[in-house]
Amino acid sequence: MEEHEEYLLYQVRDARGRVLLRSHDAPVIAFPVPLSRGYFEDNGRRYFTEESANGQLFIQVAEVAEERQEAVAALWMGLIAPLLGLLPISAIAVDWMVRRATQPITKVQSQIAKRGGENLDPIDPYGLPLELMPIIQDMNRLLQRLEAALDAERSFAANSAHELRNPIAAARAQAEIVAEVLRDTPDEVRARQLVDTLGRLSKQIEKMLQLARAEAGLGYARPETDLVQVARLLVNDYSQRPKLVDRLRFDAGDEDSVIVGIDPDALGIALQNLIDNALAHGAPDTPIMIAVGPGAIVSVVNEGPAVSASELPALTKPFERGDARRAPGAGLGLSIVKQLMRQADARLELFSPARGKDSGFEAILIFPRVHARLDLKG
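According to the UniProt record's numbering, the sequence shown holds residues 1 to 378 in order.
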């Protein structure tokens, strides 16, 4: 019979301690442990003794500690190695299951992220699990209530401004008549102040109407509009005013026509607000430059003290004004422009000092260009 290495040694002994039977690797002499039931340790070996029912025979089993540790290590390696191999596969499987389980939530999150003041459409429940339906239904009802509240607010602002515009214009006309009647009298100054106050109020109402149109999504319309033509028409309109003759300078460069995708009214409102801002905050009696190009870009530059870089971002917030104590208006102009540009996928950029100068203020509108047309003159 072929012998093999034993991890466990045993001896069978009688009551007098003589070895009656042993494994082939066990020593001939008796194990150095007493003939009593239980565990014993001696010289790096662990022994266990068990006796027969009549107490005449004893079997003793010995185990080497190193061999036991090797067996434990081999057992652990046999268990851990497969587990380590399964871990990457398990991680991939768990990641796939988590992604699949959370895909409906991710879809809802994506739809919610697209909702805002200009987009309050209901969340599409198609393909979503039934467990999410109560949440989607409640959210859609909330969006409907929010849309109704915003529509009511916008309608109130627009209707109020519209209803006030004509009475204030009539009151201003009457105030101008009174000022003429009171010419060269002590009350003329008060009458002129009333005319100026009503004029500022009229401008504020006009801004409120523009803001209401912007909040209603005027800038989302994308008809093809000639940037050069709209800018030139506005400059010509402003130049008809007695105090602004030759103050506005227009330069379209070599391009006779630059077509951009934006509603012409939205473009006109944006440019009008930039020009009004330049007139209100620029140095008196200094030229205001309106330039188109290169490309689908229009800039409005005015002279005056530079605005600090830290103040520039705040100027596009509603009711923010530079040098608020002296500047007229309520600070809605640049806010309206920014909102319209965002709707048209265009950008409003502000620089102070103006580019290439040590002072002044420059506002630039940058549009996605549709195409340009050059008039060739031979």
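Backbone N, C-alpha and C fix where the C-beta goes; we use that ideal spot for every residue, glycine too.
Remember, predicted model here, so these are calculated numbers, not experimental data.
State yes or no: is the C-beta of residue i within less than 7 Å of the C-beta of residue j?
i	j	result
MET289	ARG249	yes
VAL337	ALA278	no
ALA307	VAL298	For clarity, residue 307 is Val in the given sequence; the question names Ala instead. Not closer than 7 Å, so no.
TYR7	VAL61	no
ASP276	GLY356	no
GLU176	VAL195	yes
LEU120	LEU146	yes
PRO104	PRO129	yes
VAL258	VAL301	no
ALA30	GLY17	yes
ALA173	ALA191	no
GLY360	GLY304	yes
ALA363	LEU274	yes
Which residue wins for smallest C-alpha separation from residue i, given the options the options?
i	options	result
LYS367	LEU340, PRO353, PHE351, ALA354	Lys is not the amino acid found at residue 367; the sequence shown has Phe there. If we check each option's Cα against that of PHE367, LEU340 comes out closest.
LYS317	ALA306, SER335, ASP276	SER335
LEU201	LEU142, ASP358, ARG100, ARG165	ARG165
GLU311	ARG347, LEU332, SER352	SER352
ALA169	LEU198, SER52, HIS24	LEU198
LEU57	ARG18, ARG13, ILE123	ARG13
GLU51	ALA15, ARG99, ALA71	ALA15
GLN210	GLY268, ALA314, PHE48, VAL94	GLY268
residue 406	ASP251, LYS243, ARG241	As displayed, the chain neither begins before 1 nor continues past 378, which places residue 406 out of reach and without an answer.
PHE33	LEU244, ARG46, LEU21	According to the sequence shown, residue 33 is Val rather than Phe. Ranking the options by Cα distance to VAL33, first place goes to ARG46.
GLY127	LEU150, ARG100, ALA152, ALA149	ARG100
PRO313	SER36, LEU350, ASN159	LEU350
MET139	PHE156, ASN159, ARG115, SER160	ARG115
ARG22	ALA296, VAL235, ILE59, GLU41	ILE59
ASP345	ALA354, ASP358, LEU365	LEU365
ALA148	LEU244, TYR39, PRO122	PRO122
ALA53	SER36, GLY44, LYS107	SER36
SER106	GLN144, ASP124, ALA93	The identity of residue 106 in the sequence shown is Thr, whereas the question assumes Ser. If we check each option's Cα against that of THR106, ASP124 comes out closest.
LYS203	SER239, ALA280, VAL235	ALA280
GLU63	GLY55, ASN43, ARG347, VAL94	ASN43
Taking all protein chains shown into account, do 16 or more other C-beta atoms lie within 10 angstroms of the C-beta of residue i, making it buried, or fewer, making it exposed?
i	result
VAL181	exposed
residue 428	Look at the range of the chain in this structure, 1 to 378, and you will see that residue 428 is not part of it.
GLN69	exposed
GLN272	buried
ASP254	exposed
THR102	exposed
ILE205	buried
GLY331	buried
GLY219	buried
VAL28	exposed
THR49	buried
ALA309	exposed
ALA324	Bear in mind that the predicted position of ALA324 carries a pLDDT of just 47, short of 50, making it too unreliable to give a figure here.
GLN343	buried
PHE156	exposed
ALA91	exposed
LEU20	exposed
GLN137	exposed
LEU315	buried
ALA152	exposed
ALA354	buried
TYR39	exposed
Does the stretch 213-224 come into contact with the stretch 282-291, if we say contact requires no fewer than three beta-carbon pairs (one atom in each stretch) closer than 8 Å? Cβ pair count under 8 Å is below three, so no.
I'd like to know if the stretch 78-85 and the stretch 101-111 are in contact, where contact means that at least 3 CB-CB pairs between them fall below 8 Å. No contact exists between the stretch 78-85 and the stretch 101-111.
Going along the chain, which unbroken runs of the beta strand (DSSP E) with 3 or more residues stay wholly within the stretch 10-57? You should have 19-22, 38-42, 45-51.
Ignoring anything shorter than 4 residues, give me the alpha helix (DSSP H) runs that lie fully in the stretch 266-324, in order along the chain. Complete alpha helix (DSSP H) runs here, min 4: none at all.
Three or more C-beta pairs under 8 Å: does that hold for the stretch 220-227 against the stretch 251-267? Short answer: they touch.
Could you give the uninterrupted runs of the beta strand (DSSP E) lying entirely in the stretch 184-265, keeping only those of 3 residues or more? Those beta strand (DSSP E) runs which fall completely within the stretch 184-265 and span 3+ residues are 224-226, 248-251, 257-261.
Taking only runs that begin and end inside the stretch 107-144, name each unbroken alpha helix (DSSP H) of 4 or more residues, in chain order. Runs found: none.
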